[in-house]
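To start, the structure under review is shown below, and the notes come after it.
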Amino acid sequence: MPAANQSVRAVFGALLALALAAHPALAAPSGPPVRIGSTLALTGPLAATGLVHKIVGEIYVEQLNRKNGLLGRPVEWVLKDDQSRPDLARTLYEQLITVDKVDLIMGPYATANILSAMGVAQRYNKVLIHHTFGTPSLAKYEMQFPAGGLAGDPDNTIPRLVFDALAASAMPPKSVAVVTSKFPSVHFISLGAREAAKKRGLREVAFLEWDFGNRDFGPIAARLKDAKPDFVWVGGLGLEGNLLIDAMRKIDYMPPLHFHLFPAPGPLLKAPGGENALAATTFEEHPPFTDNPIAVEFIRLYHERGAKAGLPDTSVENQSAISFSSWQTLEAAVTGAKSIDDKAIAQWLRKNPVDAIVGRLRWDGPFNYIYGTDLYKVKQNQQGKWVVIWPKEFAASGAHLVTP
Amino acid sequence: MRGRALAAFAAAGMALSAVPFFGLPAFYESFLYLVFHWIVLAASWNILSGYSGYFSFGHGAFFGAGMYTTATLATKSGVPFLWTLPAAGIAAAAFGIALGAVVFRLPRLRGELFALLTLAVTFVLATIVLNTPVDGGPGLYLSAVPLPAIGPSPSSTFYLLGLALALATLWIAREIQRSRLGTGLFAIHDDEDVAEVLGVPTYRYKLAAFGLSCGLAGIAGGIQAMFISYVTVGETFSIAVPLNVVLMSVLGGSRHWFGPAVGAAVVTALLYAFTAGDYAVAGRAAVGLILILVILFLPEGIFGELIGALKRRRVSVTPAIGTADLPAPSAARPGKSEGQGQPLLEARGLSKAFRGVQALAEVDLEVRRGEILGLVGPNGSGKSTLINLVSGHFRPDSGRILFEGRDLAAMEAHRIARTGLARTYQIPRPFAHLSVLENVALPAMFGRDALPRAEAGHEARRWLAFTGLGAKATSLPGELNLHQRKFLELARALASRPSLLLLDEVFSGLTHAEIDDAIRLIRAIRAQGATIVFVEHVIRAVMELTDRIVVLSYGRVIAEGDPRAVMREPDVAAAYLGKPHA
Amino acid sequence: MALPSLTLLGQSLLSGIFIGALYGLLGLGLSLSWGMLRQINLAHFALAFLGAYLTYQLAGAGMDPLATLAVIVPCFFALGALMHWLLARFSVSAFNSLLVTFGLTAIIEALIQWIWTADFRRMESAYGEVKFRVGALYVALPELLTLAMALALSLAVWAWLRHTHTGKAMRAIAEDAPIAAAFGVNVRRLSLLLSGLSAAFAGVAGLALALSYTLAPGQIYAWLGVVFAAVMLGGLGNPLGPLVAGIVIGVSEALTMAFTTPAWAPLVSFSLLIVVLLARPGRI
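Residue numbers (the working numbering), protein chains in the order written: chain A, 3 to 406; chain B, 57 to 638; chain C, 127 to 410.
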């Protein structure tokens with residue numbers, strides 16, 4: 003298998019990089035390394051996205067060490083596999099802090115595991131910068147810093163964003179169907195979408211909830227076909243949106259417009275029937291996002307590493323970009339605070355914004371969340387590419403919401 | 057014995073509860089907490105599923121019931137965390153008992169159907185919790201619930217709670233294994249019908265085991281809810297819990313209370329042995345490979361093999377007790393010789409049909425105190441059905457069975473056994489995983505006298521010596537030949553000291569010499585005052601042994617009286633000649 | 127809420143039948159090796175996914191997805207026979223087979239992740255786009271293929287067991303292996319055959335998965351619960367059982383989803399299952 007070959011090469015490359023990093027003459031930073039600990043879902047059901055965060059972290063740490071490290075010291079990333087399990091994430095963070103005695107920690111992937119890590123961070127007064135926490139109302143720790151660009155009230159901001167985009171389109175929908183998984187971090191935003199639609203006077207023709215892990219989307223598709231909505235809000239997580247699209251195509255139906263809350267972007271892009279699908283994002287590979295040279299360099303490296311790791315889709319989009327931004331946040335905070343002391347870092351972050359590739363991150367609201375505004379944009383799958391179409395100032399040149 | 061074990065448990069508890077005060081990194085406390093957590097789940101699962109073989113795939117449901125009880129009470133009703141734990145245990149136990157009360161009444165819901173049912177219950181419960189205000193979707197968040205400071209730090213508090221519960225669970229599992237309940241459960245594992253007929257109240261025992269098993273899992277769930285502090289349906293009711301407890305129990309050895317604990321510790325340790333980010337995938341394969349190798353080379357489980365090896369060594373050191381040293385067995389029912397000739401058992405109008413076929417029709421029968429009654433007739437004449445009705449294996453469609461003045465017809469089989477009635481099976485049905493000695497001790501524990509375990513052992517040894525099986529006491533029934541297994545049946549029936557013994561074709565399949573042996577044995581039993589009904593095809597034995605015979609044909613009594621006279625009757629001859637036995 | 131239309135009803139019914147067919151196809155090999163050889167093969171799901179990934183790989187190299195069976199089926203047959211040889215060599219009990227095959231699942235999962243990464247893979251094939259119209263209803267080719275394969279295999283095994291000499295010998299083994307051996311049945315060879323077949327069926331189920339689903343290694347466990355339920359409900363070793371039980375579960379869930387909140391679906395199908403078990407403690 004070619005992929006196997008690639009892995010061997012990847013291991014080789016990693017060893018080489020390690021050897022280079024350890025060689026004092028070639029690396030600029032010196033002194034004892036700053037050790038940063040985190041876990042990621044490298045195996046188990048969340049591993050597909052876990053891998054993205056691993057690649058981004060490796061790229062970032064490597065870049066750091068190629069420059070000046072952190073405060074002139076080299077950086078070592080201690081990464082463990084939490085197997086997509088919150089109980090494991092919790093104990094592994096304890097291991098990182100109390101046994102491995104890392105200097106700083108970074109968040110794991112996805113809400114439940116971040117929540118587990120947050121509890122540990124709170125007990126040991128560690129700053130926790132994280133990227134993929136979906137339920138801000140549960141973050142009750144003053145030294146946690148979300149770097150994923152989500153507002154404190156995504157159930158308001160995201161539906162507002164989406165319905166604004168729709169309203170400005172050539173074919174503003176008059177009726178809406180809200181279909182959603184009951185997965186916690188998806189469900190409440192979908193309920194927010196219901197509210198928003200009602201406020202704007204849209205007619206709700208269907209509201210359907212399914213159990214996360216549902217396999218048969220045929221009946222849901224058939225009900226949507228019956229309801230004939232102008233617009234479908236799909237509160238799906240990962241592949242659920244794909245399953246629904248597949249099911250709708252099988253019965254020769256596609257709604258004119260459909261938005262997917264947290265899809266697996268690669269598969270949705272390639273799915274037959276995924277054309278014109280809408281989704282939310284903080285970053286895509288086109289201007290104005292690529293006006294930033296750091297982003298350009300990151301995109302180049304990510305393409306390279308992604309291909310080497312055997313990823314089917316190597317473009318930078320939301321997940322990889324917020325992952326990168328969280329590392330930018332860490333670097334900026336340590337550099338700004340001139341210290342790896344957690345209290346100093348937290349203090350600096352609360353006072354200073356960070357300009358990351360996803361935009362300007364701020365933490366001056368309650369529990370470090372900003373309410374009412376976030377960095378999300380609406381993107382659309384146009385001719386096999388994700389392009390941002392709303393708000394206008396972030397839209398790819400000439401791009402606008404395509405309606406059938 | 058128990059005192060020493062209690063001291064050992066107390067010492068282990070004391071030593072282990074000192075751990076948090078040594079300033080160990082919190083990770084180790086949390087890790088050990090998780091080990092304890094899985095020990096509780098695996099050992100509690102084992103109480104029903106390992107001991108009795110009722111393989112539950114629904115441990116996640118009871119664990120989850122506990123988790124949601126604690127989460128709900130602590131977050132919505134403001135109940136202090138520790139107080140929610142008994143509630144979690146009670147809720148899970150009540151749920152289990154309610155389920156068991158229905159399921160255990162249906163004798164065919166065993167094996168994989170029980171597994172299926174418990175799995176289905178998990179899905180149903182998960183769906184209900186997800187779609188009702190219990191959760192409703194967003195999950196329950198416990199971080200605002202105050203954690204009592206039992207240990208010097210939160211992780212040590214969890215460690216101590218886990219330790220206490222694990223020790224309690226293991227103690228309970230150990231006590232059960234060594235108690236009447238455990239003996240009954242192990243018998244249910246091998247042959248539930250026989251266990252019931254020998255006096256084990258199988259329904260109540262299963263229910264008790266299930267309730268305890270679920271209750272302990274519920275408490276573990278309550279603690280775990282606080283430990284992970286965010287309870288969601290997806291994580292709680294996943295297939296991981298039932299799968300893990302099964303794997304742990306099998307890996308450690310499910311026939312011993314300590315086996316699951318070993319399995320839980322090994323599996324949890326393996327989980328943490330391969331978490332390095334660079335080798336995550338290889339680590340997963342390594343865990344798989346280790347599990348395979350362990351179970352291929354230690355098929356009884358890690359601890360099961362260890363115990364087995366120890367036992368084998370012990371056996372080879374201590375010689376089997378010489379049967380000559382034992383006193384001759386006392387009369388089966390001493391002091392029951394008065395009232396000779398009075399009816400001991402009376403059947404009145406007994407009928408039973410199977411799927412329309414009338415196996416017994418209006419049978420009247422009388423067994424007199426002290427006699428040997430032969431029950432003969434061609435195949436399918438209803439002899440075995442009669443024994444099965446009297447021993448409670450089946451219920452009659454109509455009619456009464458009076459034994460010492462009590463009606464057995466509506467009585468559960470285990471109660472019948474306690475009235476002093478014992479039977480053997482035509483094809484021996486020993487408990488395959490119990491030693492010969494344990495097989496015989498069981499009816500002594502569950503018969504009329506309900507002897508304590510130690511005395512039952514003595515009693516069993518006596519009857520083994522009596523039947524010439526003394527040297528085989530520690531063997532498993534599978535190691536015996538047919539002749540020995542028949543005698544094991546007999547020893548097992550005798551050990552309950554019955555006043556009425558029902559023997560179902562003890563002679564079939566035996567050689568001439570073996571039949572002579574058996575005849576001698578039955579005479580000896582009779583000499584001690586027992587009343588015997590025996591179903592037989594071997595006419596020589598019938599003629600030599602019986603005082604009276606009853607002939608059945610097509611479910612009806614066609615003749616009864618003196619053996620020689622009856623056998624000469626034309627009806628009887630026709631019944632036999634018309635349909636000669638196999 | 128307006129009454130659901132007949133189209134909705136029919137389409138949901140079809141959807142339930144098709145997903146049930148997939149449960150049945152996934153469960154067939156599992157049920158046979160469990161019922162007849164007392165081997166509870168958890169690795170069946172991992173094998174099915176391995177088959178799906180191989181289909182994906184071969185189809186990516188230009189092979190027709192259906193033609194990949196010509197490669198996958200013999201390979202999986204050998205794999206299944208090899209696995210049985212291992213289990214028989216160490217005379218692994220039913221309980222222990224659960225553990226061994228769980229270990230095997232972890233190894234196969236790791237293998238898949240090593241070769242294809244944890245990222246999602248989707249096979250692109252011409253079949254995916256084909257659908258037929260029957261009145262107001264639509265039937266998609268991949269689903270029809272799944273149903274056809276499930277039906278064909280289940281019926282073939284049923285006929286094999288009922289009407290052929292080796293099939294009857296196989297049933298004798300399932301009843302009592304030592305007695306069958308005493309009557310001259312070659313237990314070893316037939317057991318290898320059955321295990322090979324079971325694994326080959328996993329390969330076929332893999333094709334069905336690849337035709338309709340996006341693949342990820344973590345998905346291996348997603349099918350476990352419901353397929354186990356179908357297998358046990360259908361009666362162990364009964365070749366038609368998993369398909370019938372799978373369709374019963376699939377249809378009852380689909381109809382629930384058509385009429386009420388879809389999230390209630392498992393409640394209806396599994397309550398139904400419980401009621402069936404309690405009312406008639408036998409099988410469908």
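For glycine and all other residues, C-beta sits at the position ideal for the given N, C-alpha and C.
Asked                                                                                                                                      : Found
Residue from A:Tyr62, A:Gly52, A:Leu130 and A:Ile99 whose Cα sits closest to the Cα of Thr243 of chain C                                   : A:Gly52
Closer than 8 angstroms to chain A by CB, Ile233 of chain C                                                                                : no
Closer than 7 angstroms at the beta carbon, the chain B residues around His189 of chain A                                                  : Gly193 and Pro194
Local conformation of Phe590 of chain B per DSSP, three classes                                                                            : strand
DSSP three-state assignment for Ser407 of chain B, whether helix, strand or coil                                                           : strand
Simplified DSSP state of Trp79 of chain A, which is helix, strand or coil                                                                  : strand
Cβ of Ile346 of chain C within 8 angstroms of any chain B Cβ                                                                               : no
Cross-chain neighbours of Gln137 of chain C in chain A, by beta carbon under 7 angstroms                                                   : Gly220, Ala224 and Ile253
Proximity below 8 angstroms, CB of Gly220 of chain A to CB of Ser141 of chain C                                                            : yes
Val180 of chain B and Leu393 of chain C closer than 8 angstroms at C-beta                                                                  : yes
Neighbour list for Glu301 of chain C in chain A, Cβ cutoff strictly below 9 angstroms                                                      : None at all; the shortest Cβ gap to chain A is about 35 angstroms.
Residues of its chain near Arg162 of chain A, where Cβ-Cβ distance is below 7 angstroms and the 5 sequence neighbours each way are ignored : Ala198
Contact list for Glu142 of chain C against chain A, beta-carbon separation under 9 angstroms                                               : In the sequence as presented, Glu is not what sits at residue 142 of chain C; that position holds Gly. Result: Asp218, Gly220 and Pro221.
Contact under 8 angstroms by Cβ, Leu173 of chain B with Val159 of chain B                                                                  : yes
Beta carbon proximity, Ala24 of chain A to chain B, threshold 8 angstroms                                                                  : Low local confidence applies: a pLDDT of 49 at Ala24 of chain A is under 50, so the model's placement there is unreliable, with the coordinate-based value given in what follows. Judged by the 8 angstroms Cβ criterion, Ala24 of chain A is not in contact with chain B.
Gly79 of chain B, buried or exposed, once every other Cβ within 10 Å from all chains shown has been counted against 16                     : exposed
For Ile428 of chain B, the residue or residues it bridges with in DSSP                                                                     : B:Ile588
Bridge-paired residues (DSSP) for Thr331 of chain A                                                                                        : For Thr331 of chain A, which the question treats as bridged, DSSP gives no partner whatsoever.
Whether Pro298 of chain B touches Gly116 of chain B by CB criterion (8 angstroms)                                                          : yes
Within-8 angstroms CB hit, Ile145 of chain C to chain A                                                                                    : yes
Per DSSP, cross-strand counterpart(s) of Val421 of chain B                                                                                 : Rather than Val, the amino acid found at residue 421 of chain B in this sequence is Leu. B:Ala403.
Chain-ordered residues of the region 45-78 of chain A with a beta carbon less than 9 angstroms from chain C                                : Thr45, Gly46, Pro47, Leu48, Ala49, Ala50, Thr51, Gly52, Leu53 and Val54
Any alpha helix (DSSP H) of 4 or more consecutive residues that is wholly inside the region 40-95 of chain A                               : 49-68
Cutoff 8 angstroms: Ile295 of chain B Cβ touching any chain C Cβ                                                                           : yes
Helix, strand or coil at Glu206 of chain A according to DSSP, with G and I counted as helix                                                : strand
The beta strand (DSSP E) enclosing Ile131 of chain A, as first and last residue numbers                                                    : Leu130 to His132
Identified DSSP bridge partners for Gly361 of chain A                                                                                      : A:Ala358
For Thr382 of chain C and Pro269 of chain A, believed in contact at Cβ under 8 angstroms, the rounded distance                             : About 27 angstroms separates the two Cβ atoms, so there is no contact after all.
8 angstroms CB neighbourhood of Leu224 of chain C in its chain, flanking five on each side removed                                         : Ile166 and Leu168
Cβ-based burial, Gln398 of chain B [other Cβ within 10 Å; buried from 16]                                                                  : exposed
C-beta contact flag for Asp232 of chain A and Val178 of chain A at 8 angstroms                                                             : yes
Span separating the alpha-carbon of Ala405 of chain C from that of Ala356 of chain C                                                       : 18 angstroms
Residue-level contact to chain C via CB, Lys184 of chain A, 8 angstroms cutoff                                                             : yes
Residue closest to His170 of chain C, alpha-carbon to alpha-carbon, out of C:His291, C:Ser321, C:Leu366 and C:Gly372                       : C:Ser321
Short CB-CB distance (under 8 angstroms) between Met275 of chain C and chain A                                                             : no
Close beta carbons around Asp618 of chain B, own chain, < 6 angstroms, minus the five adjacent residues each side                          : none
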